[in-house]
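Step one of this worksheet: look at the structure below.
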Amino acid sequence: MAEPFRNLAWDDFRLVKAIADAKGLPSAAQQLGINHSTVFRRLRQIETALGTPLFERHRLGYVATAAGEEMVALATRLDDDITAFTRKVSGREPSPAGELRVTTNDSLLVHLLTPLFALFLEQCPDMRLDVVLSNQPLNLSKRDADVAIRATDNPPETLVGRRAARIAWALYGRAADFPVPGAADADMLRRRAWVSLGEDMAGMKVVRRVRDNVPPERIAYRTNSVLGLGEAVEAGIGVAYLPCLIADVRPALVRLAPPDPELSADLWLLTHPDLRHAPRVRVFLDFMAAEIAKRRRVIEGTGLPVGQAER
Numbered sequence: 042m043a044e045p046f047r048n049l050a051w052d053d054f055r056l057v058k059a060i061a062d063a064k065g066l067p068s069a070a071q072q073l074g075i076n077h078s079t080v081f082r083r084l085r086q087i088e089t090a091l092g093t094p095l096f097e098r099h100r101l102g103y104v105a106t107a108a109g110e111e112m113v114a115l116a117t118r119l120d121d122d123i124t125a126f127t128r129k130v131s132g133r134e135p136s137p138a139g140e141l142r143v144t145t146n147d148s149l150l151v152h153l154l155t156p157l158f159a160l161f162l163e164q165c166p167d168m169r170l171d172v173v174l175s176n177q178p179l180n181l182s183k184r185d186a187d188v189a190i191r192a193t194d195n196p197p198e199t200l201v202g203r204r205a206a207r208i209a210w211a212l213y214g215r216a217a218d219f220p221v222p223g224a225a226d227a228d229m230l231r232r233r234a235w236v237s238l239g240e241d242m243a244g245m246k247v248v249r250r251v252r253d254n255v256p257p258e259r260i261a262y263r264t265n266s267v268l269g270l271g272e273a274v275e276a277g278i279g280v281a282y283l284p285c286l287i288a289d290v291r292p293a294l295v296r297l298a299p300p301d302p303e304l305s306a307d308l309w310l311l312t313h314p315d316l317r318h319a320p321r322v323r324v325f326l327d328f329m330a331a332e333i334a335k336r337r338r339v340i341e342g343t344g345l346p347v348g349q350a351e352r
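Structure below.
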């Protein structure tokens, strides 16, 4: 028994943890990228080597025994230690080269970041960017991403970074519907159809503002995309609060009120503390901060919207 026990490998621990997480063999096999029969065979080999069952087979799935729970706990600690080690090694890279995984949302990518990413790759040809679109914060501790570019007033305490700008929001409508900017009073706006972000984004200040001030029957359209919000207003569905960096560059839209400071949010460049001194991360963050600063007037809504002088 001693010899097989010594031959347990990290993959054996990963397999046991995957079965425990999935509570069954098919889902564990899919997670590990192997077939069901291989998972079954390897589990039997591990249990034979240890001389004890690791799971009880119930009608609702696989449940870890006491021995199985200990092995899963050890696998979790090993996974955390390996992840921490790879972060620290990444932080000692000698030069800005290799792949950098960046997470952000669709509206920032389309209306601000893509041209900046192109400029960065021109200056750092040995770098590669893997951009992950998500409105949910990814786990930078687990290397889901190396850098997060997020609009938030409460960045996670586990991350480090810098505030690059303050994203302004204002009320906008379709220019064809409001030929005289500033002429839309409160009564007129109450009679208008509105466009809003969906309730799954209820944590955003702009969603609470609409919910508290616009009757539900006046909200004609909801979407879970800020990018889609601007498209809906431009299509004439209704009026909406929009980030100035999205709306001010669209000649078909017009501001109906000045930017509202209560709706603004900070734009953060964030990374994990273990990666902050990695050349590829440091060069990227410095570059993005400098380029975003050049565009601060657009982001913060202090520039003149496109076409407003002519209307």
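In this note's numbering, the protein residues as written are 42 to 352.
Idealized CB from N, CA, C, for every residue including glycine.
Residue 51 counts as exposed, since fewer than 16 other beta carbons sit within 10 angstroms of its beta carbon.
Residue pairing of residue 99 in beta bridges, as defined by DSSP: 102. When the alpha-carbon of residue 139 is set against those of 267, 162 and 121, the nearest one is in 162. Annotation for residue 220: no beta strand (DSSP E) segment contains it, and DSSP assigns it neither H nor E.
Fewer than three Cβ pairs drawn from the region 286-300 and the region 247-255 lie within less than 8 angstroms of each other, which leaves the two stretches out of contact. Using a Cβ distance threshold of 8 angstroms, residue 96 and residue 106 count as a contacting pair. Relative to the Cα of residue 305, the nearest Cα in the group 315, 282 and 121 belongs to 282. Annotation: residue 296 is outside any alpha helix (DSSP H); the continuous beta strand (DSSP E) that includes it extends over 294-296.
In the three-state reduction of the DSSP assignment, residue 214 falls in the strand class.
Residue 74 sits exposed, since fewer than 16 C-beta atoms from the chains shown fall within 10 Å of its C-beta. Look at residue 305 here: in three-state DSSP terms it is coil, with no helix or strand label. Taking the C-beta atoms as reference points, residue 280 is found nearer than 8 angstroms to residue 212. Under the three-state reduction of DSSP output, residue 314 falls in the helix class.
By the criterion of at least three beta-carbon pairs nearer than 8 angstroms, the region 101-118 is not in contact with the region 216-236.
Per DSSP, the unbroken alpha helix (DSSP H) holding residue 155 starts and ends at 155-164. Per the Cβ contact rule, the region 261-271 is not in contact with the region 320-333 (fewer than 3 Cβ pairs under 8 angstroms). The three-state reading of DSSP puts residue 237 in strand, counting E and B together. Residue 79: member of the alpha helix (DSSP H) spanning 77-91, first to last residue. In this structure, the CA atom of residue 215 is about 8 angstroms from the CA atom of residue 276. For residue 140, the uninterrupted beta strand (DSSP E) run begins and ends at 139-145, by DSSP.
In the DSSP assignment, residue 231 falls within the alpha helix (DSSP H) that extends over 227-232.
Residue 203 is bridged by DSSP to 310. Non-local beta-carbon contacts of residue 200 in its own chain, meaning distances under 8 angstroms to residues more than five positions away in sequence, involve 181, 189, 311, 312, 313 and 314 in chain order.
The beta carbon of residue 274 sits closer than 8 angstroms to the beta carbons of 213, 214, 215, 236, 280, 281, 283, 288 and 294 from its chain, once the five residues preceding and following it are set aside; these are given in chain order.
The continuous beta strand (DSSP E) containing residue 284 extends over residues 281-284. Annotation: residue 143 to residue 316 spans about 13 angstroms, alpha carbon to alpha carbon.
Straight across, the Cα-Cα distance linking residue 187 with residue 198 is about 16 angstroms. The residues 170, in chain order, have a CB closer than 6 angstroms to that of residue 158 in the same chain once the five nearest residues on each side in sequence are set aside. In this structure, DSSP gives residue 323 a helical state, which the three-state scheme calls helix. With fewer than 16 other Cβ atoms from the protein chains shown falling within 10 Å of its own Cβ, residue 239 counts as exposed.
Comparing C-alpha distances from residue 272 to each of 152, 185, 328 and 100 shows the shortest one belongs to 152. Distances from the CA of residue 308 to each of 302, 290, 330 and 291 were compared; the closest alpha carbon is that of 330. Counting the other Cβ atoms within 10 Å of the Cβ of residue 291 gives 16 or more, which makes it buried.
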